[in-house]
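Numbering (our numbering), first residue to last: 1 to 620.
Beta carbons: idealized from backbone N, C-alpha and C, even for Gly.
On a predicted model such as this, the values are computed, not experimentally measured, just so you know.
Here it is in structure tokens:
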């Protein structure tokens with residue numbers, strides 16, 4: 001009896017020490033992909049825990065990335081659309097429908113970090129009985145932190161950063177919603193880091209490429225693979241409102257040599273814009289004289305003041321989403337220094353994050369104070385500072401590094417840039433099983449081929465036309481781990497991932513991952529074997545767009561029918577044209593595809609809508 005009591009006491013002690021908890025979904029990472037997965041699963045009755053390493057959830061949209069890069073806004077809907085609608089409603093409720101804030105928020109796509117965090121929290125709170133959020137929980141990608149059996153994750157071990165204790169979490173399905181892909185790596189899912197060479201997938205812009213901003217591929221380009229990942233920075237929330245402005249201070253470990261080359265760049269106007277290819281040394285010397293006379297730079301593509309070191313997009317209340325400045329040699333990122341991040345420990349990552357913060361603070365202090373810079377340049381730069389009412393517990397500085405790219409996994413489907421290229425001009429991109437529509441700017445230092453208004457063309461370095469394509473479910477499904485989904489560190493090449501690595505896409509994939517998890521649990525099947533047609537139906541139930549049509553959005557009464565038939569090949573174009581008469585060729589194709597004679601449907605007389613509704617009723 002005494003022996004049994006001792007064993008029981010030990011078991012209770014272990015349970016207390018590890019804080020063991022069980023959920024339907026265990027989600028590592030509180031960024032938008034993880035949040036949307038928890039919400040969509042909650043709407044199907046499933047309970048989730050979100051394990052977030054920092055004190056705050058929300059990822060980059062809550063840390064300065066407030067200017068949503070998305071062109072065809074009707075294409076990415078679902079929970080992402082609920083988020084932006086919530087942002088807009090906040091500004092309407094707070095400032096009035098005709099306010100400047102509502103105008104600048106651009107229908108909810110541009111927002112302050114604190115507002116992004118607020119809307120995420122509101123969405124979580126709506127499902128608070130099914131979503132548990134635990135912050136300061138760190139997962140380290142070490143073998144001892146994951147227990148697997150028969151290709152399934154049984155449990156994971158998490159460090160509670162506040163208590164220093166280890167906690168264990170069990171669940172039916174696990175989701176890696178980290179920017180780095182730490183959970184997937186610990187589970188043994190094969191991954192890639194670095195750039196593929198052009199010879200592997202024949203992707204435009206692949207491999208080592210040198211070019212001016214907006215210019216052609218230049219000398220030195222080898223197109224060979226290497227270990228490079230996209231550089232990281234902080235998305236700063238700046239303001240030029242004196243009443244809300246906090247000045248940059250000189251960091252303790254300031255190193256002027258990090259920024260000294262900017263002096264000559266400012267005086268000559270030298271920059272990395274494609275227009276510089278037409279600039280001569282004589283023109284730069286003339287620009288120097290022009291600046292000495294008290295004028296700003298006049299060279300094409302050159303920026304003045306704070307814009308010389310950071311790109312600025314305005315968000316409400318005189319604030320900005322300040323990204324790295326693509327058209328200069330020195331900006332807010334540290335290219336190459338971040339390359340170890342994806343596979344490094346959190347100790348290394350924290351040191352780099354601090355190095356990057358001090359570098360960034362020093363950069364702004366340099367631009368505003370260095371005596372070798374033109375006085376009127378420094379004056380223009382000093383108009384800007386950090387926003388006093390943002391990140392009040394962190395010196396008004398963002399809490400998270402903008403991790404543009406971590407590990408990229410090799411899943412059931414491997415996404416490359418070629419997936420965004422239609423087979424023929426004007427046709428759909430390939431449709432793979434159950435898909436999620438992505439629509440945004442292709443933001444990467446590489447050319448990416450895109451479809452725009454029925455044309456296929458190769459765009460130059462970091463240009464921003466509309467891109468719409470479908471993302472297959474398989475990009476977040478590992479081949480051999482049966483209860484793991486990867487909605488953020490998805491499967492793809494460097495170039496392919498670069499077209500997916502946007503918060504709207506991660507929200508869309510997170511929403512699909514949450515539904516897929518629920519279907520896996522309910523059907524008692526592997527995540528690889530869920531019923532894809534049910535996934536499609538549930539996504540449409542939650543107002544997600546699976547195929548984009550210019551003339552039928554998710555507010556249309558015909559949305560569900562058009563989505564269903566579009567996925568099955570009835571509507572291969574970018575418009576459904578429901579009110580037009582069906583032509584003879586289309587009617588013949590629909591009869592063959594549906595296996596019915598469509599009695600009563602007449603070519604040239606019956607509308608496409610009537611024909612499609614008849615097909616839908618028959619095959620649905």
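Starting from residue 314, trace the beta strand (DSSP E) both ways and give me its first and last residue. Within the chain shown, the letter at position 314 stands for residue 314. Here the beta strand (DSSP E) through residue 314 covers 310–315.
Taking the runs of the alpha helix (DSSP H) that are 4 residues or longer, which of them lie wholly in the segment 470–522? Scanning the segment 470–522 from its first residue to its last, the whole alpha helix (DSSP H) runs of 4-plus residues come out as 494–500.
Tell me residue 399's beta-bridge partners as DSSP assigns them. In the chain shown, residue 399 corresponds to position 399, counting from 1. Here residue 399 is not bridged, per DSSP, to any residue.
Give the C-beta separation of residue 238 and residue 341 to the nearest angstrom, bearing in mind that I take them to be a contact with Cβ-Cβ under 8 Å. Residue 238 sits at position 238 when you count from the first residue of the chain shown. Residue 341 sits at position 341 when you count from the first residue of the chain shown. Not a contact, Cβ separation roughly 25 Å.
Please check the pair residue 492 and residue 475, which I expect to be a contact at CB under 8 Å, by giving their CB distance rounded to whole angstroms. By one-based count along the chain shown, residue 492 stands at place 492. By one-based count along the chain shown, residue 475 stands at place 475. About 6 Å separates the beta carbon of residue 492 from that of residue 475, a gap short enough to meet the 8 Å contact definition.
Reduced DSSP category for residue 590 - H, G, I as helix; E, B as strand; rest coil: As a first step, residue 590 must be located in the chain shown, where it is residue number 590. Residue 590: helix per DSSP, three-state reduction.
May I have a chain-ordered list of the beta strand (DSSP E) segments no shorter than 3 residues that lie completely inside the segment 359–418? The beta strand (DSSP E) runs lying completely inside the segment 359–418 and spanning 3 residues or more are 385–387, given in chain order.
Specify the secondary structure class of residue 131 as computed by DSSP and reduced to three states. Here the question's residue 131 lines up with position 131 in the chain shown. Of the three classes helix, strand and coil, the one that applies to residue 131 here is strand, per DSSP.
Which parts of the segment 80–153 are runs of the beta strand (DSSP E), unbroken and 3 residues or longer, counting only runs that do not cross its ends? Fully enclosed beta strand (DSSP E) runs of 3 or longer: 131–134, 146–149.
Tell me the start and end of each unbroken beta strand (DSSP E) in the segment 264–318 that is at least 3 residues and wholly inside, in chain order. Runs of the beta strand (DSSP E) inside the segment 264–318: 310–315.
Per DSSP, what kind of secondary structure is residue 580 in: helix, strand or coil? As a first step, residue 580 must be located in the chain shown, where it is residue number 580. Looking at residue 580 - three-state DSSP - the assignment turns out to be coil, as it is neither helix nor strand.
Which residue comes first and which comes last in the alpha helix (DSSP H) that contains residue 179? If you number the chain shown from 1, residue 179 lands on position 179. Unbroken run through residue 179: none, as it is neither H nor E.
On the three-state DSSP scale, how would you describe residue 565? Position 565 of the chain shown, counting from 1, holds the residue named residue 565. Here residue 565 sits in helix by DSSP.
Going straight from the alpha carbon of residue 192 to that of residue 533, what length do you get? Counting from 1 along the chain shown, the entry for residue 192 is found at position 192. Counting from 1 along the chain shown, the entry for residue 533 is found at position 533. Note on geometry: alpha-carbon atoms of residue 192 and residue 533 lie some 30 Å from one another.
Determine whether the beta carbon atoms of residue 68 and residue 504 lie at a separation below 8 Å. Working through the chain shown from its first residue, we reach residue 68 at position 68. Working through the chain shown from its first residue, we reach residue 504 at position 504. In this structure, the beta-carbon distance from residue 68 to residue 504 falls below 8 Å.
Quick one: grab the DSSP three-state call for residue 444. Residue mapping note: residue 444 aligns to position 444 of the chain shown, counting from 1. With a pLDDT of 30 at residue 444, under the threshold of 50, the modelled position of this residue cannot be trusted, and the question is left open.
Taking the alpha-carbon of residue 513 as reference, which of 29, 28, 38, 303 has the nearest alpha-carbon? Position 513 of the chain shown holds residue 513. Checking every option, the nearest Cα to that of residue 513 belongs to 38.
Of the listed residues 413, 349, 620, 394, nearest to residue 402 (C-alpha basis): For this step, residue 402 is matched to residue 402 along the chain shown. Of the listed residues, the one whose Cα sits closest to residue 402 is 349.
Short of 7 Å in beta carbon distance, which residues of its chain neighbour residue 269, apart from the five on each side in sequence? Order them along the chain. To locate residue 269, count along the chain shown from 1; it is residue 269. Take residue 269, set aside five residues on each side of it, and the residues of its chain with a beta-carbon closer than 7 Å to its own are 284, 287, 297, 299, 302, in chain order.
Ends of the alpha helix (DSSP H) at residue 541? The count along the chain shown starts at 1 and reaches residue 541 at position 541. Counting along the chain, the alpha helix (DSSP H) containing residue 541 begins and ends at 532–541.
How many angstroms separate the CA atom of residue 395 from the CA atom of residue 93? Taking the chain shown and counting its residues from 1, the one referred to as residue 395 is at position 395. Taking the chain shown and counting its residues from 1, the one referred to as residue 93 is at position 93. Residue 93 has its alpha-carbon roughly 29 Å from the corresponding atom of residue 395.
Integer Cβ distance of residue 328 from residue 321, believed to fall under 8 Å: As a first step, residue 328 must be located in the chain shown, where it is residue number 328. As a first step, residue 321 must be located in the chain shown, where it is residue number 321. That pair is no contact at about 18 Å.
Return helix, strand or coil for residue 169, following the three-state DSSP convention. Along the chain shown, read from residue 1 onward, the residue named residue 169 stands at position 169. In the three-state scheme derived from DSSP, where H, G and I count as helix and E and B as strand, residue 169 is classed as strand.
Would residue 40 pass as a contact of residue 515 if the rule is Cβ separation under 8 Å? Position 40 of the chain shown, counted from the start, is the residue given in the question as residue 40. Position 515 of the chain shown, counted from the start, is the residue given in the question as residue 515. In this structure, residue 515 lies closer than 8 Å to residue 40 by Cβ.
Within the same chain, show all residues whose beta-carbon is closer than 6 Å to that of residue 52, passing over the 5 residues directly before and after it, in chain order. Locating residue 52 in the chain shown gives position 52, where the first residue counts as 1. If we look at residue 52 and ignore the five residues flanking it on each side, its Cβ neighbours are 30, 135.
I'd like to confirm the pairing. Which residues does DSSP put opposite residue 22 in its beta bridges? Looking up residue 22 in the chain shown gives position 22. Looking at the DSSP assignment, residue 22 forms a beta bridge with 170.
Backbone secondary structure at residue 552 - three-state DSSP: Your numbering for residue 552 matches position 552 in the chain shown. Three-state result, residue 552: coil.
Terminal residues of the continuous alpha helix (DSSP H) containing residue 612? As a working note, residue 612 is residue 612 in the chain shown. From DSSP, the alpha helix (DSSP H) with residue 612 extends over 608–619.
If you pair each beta-carbon of the segment 584–592 with each one of the segment 547–556, do three or more pairs fall below 8 Å? Touching, no, given that fewer than three Cβ pairs across the two stretches are closer than 8 Å.
Entirely within the segment 20–60 and at least 4 residues each: give me those alpha helix (DSSP H) ranges in chain order. Secondary structure within the segment 20–60: the alpha helix (DSSP H) runs of 4 or more consecutive residues, fully enclosed, are 32–42 (chain order).
For the alpha helix (DSSP H) that residue 199 lies in, which residues bound it at each end? Here the question's residue 199 lines up with position 199 in the chain shown. Its alpha helix (DSSP H) spans residues 198–201.
Under 8 Å: do the segment 348–364 and the segment 134–149 share three or more Cβ pairs, one atom per stretch? Too few Cβ pairs lie closer than 8 Å, so no.
Would DSSP call residue 238 helix, strand or coil? Against the chain shown, residue 238 aligns to sequence position 238. If DSSP states are grouped into helix, strand and coil, residue 238 belongs with the strands.
Look at residue 580 and residue 608 and say whether their C-beta atoms are less than 8 Å apart. As a first step, residue 580 must be located in the chain shown, where it is residue number 580. As a first step, residue 608 must be located in the chain shown, where it is residue number 608. Cβ atoms of residue 580 and residue 608: closer than 8 Å.
Cut-off 6 Å between Cβ atoms - residues of its own chain near residue 271, not counting five sequence neighbours on either side: Counting from one through the chain shown, the residue named residue 271 turns up at place 271. Apart from the 5 residues on each side of it in sequence, residue 271 sits with its Cβ closer than 6 Å to the Cβ of 301, 302, 327, 328 in its chain, given in chain order.
Assuming contact is defined by CB atoms lying nearer than 8 Å, are residue 584 and residue 598 in contact in what I supplied? Residue mapping note: residue 584 aligns to position 584 of the chain shown, counting from 1. Residue mapping note: residue 598 aligns to position 598 of the chain shown, counting from 1. Residue 598 is positioned such that its CB atom lies no closer than 8 Å to that of residue 584.
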